[in-house]
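**Q**
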Amino acid sequence: MSENESENTNVFSEFLYDIGDFFSGNDRKQEKQLQADLRAAQAADLEFHKNELEVSERQADANRSRLSALSSM
Numbered sequence: 008m009s010e011n012e013s014e015n016t017n018v019f020s021e022f023l024y025d026i027g028d029f030f031s032g033n034d035r036k037q038e039k040q041l042q043a044d045l046r047a048a049q050a051a052d053l054e055f056h057k058n059e060l061e062v063s064e065r066q067a068d069a070n071r072s073r074l075s076a077l078s079s080m
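For the sequence shown, our numbering assigns the number 8 to the initial residue and increments by one for each residue that follows.
1. Report all residues from its chain with a CB closer than 7 Å to the CB of residue 62; omit the five preceding and five following residues, and keep chain order.
2. Quick check on residue 34: does DSSP put it in helix, strand or coil?
3. Measuring straight from C-alpha to C-alpha, what distance separates residue 53 and residue 46?
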């Protein structure tokens, strides 16, 4: 199958899915958007926890420095 035939098959397949979605009441575009929103929320959550971890590590380093300074007195 040539690349053009494969592309036509994919377009036709999408078309059939869209027709099926129309008659079944499903909306694949909405589902894809919800999945994209979920991935974005998960990425934001991961970034938030990564930042929290970095803050905790800096606090731990500062506490170790204070402890070291106090123990050397």
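For each residue, glycine too, the CB sits at the ideal point set by N, CA and C.
**A** If we stick to the structure as given:
1. Closer than 7 Å at the Cβ level, and outside the excluded window around residue 62, lies no residue.
2. Three-state DSSP puts residue 34 in coil, outside helix and strand.
3. Between the alpha carbons of residue 53 and residue 46 lies a gap of roughly 10 Å.
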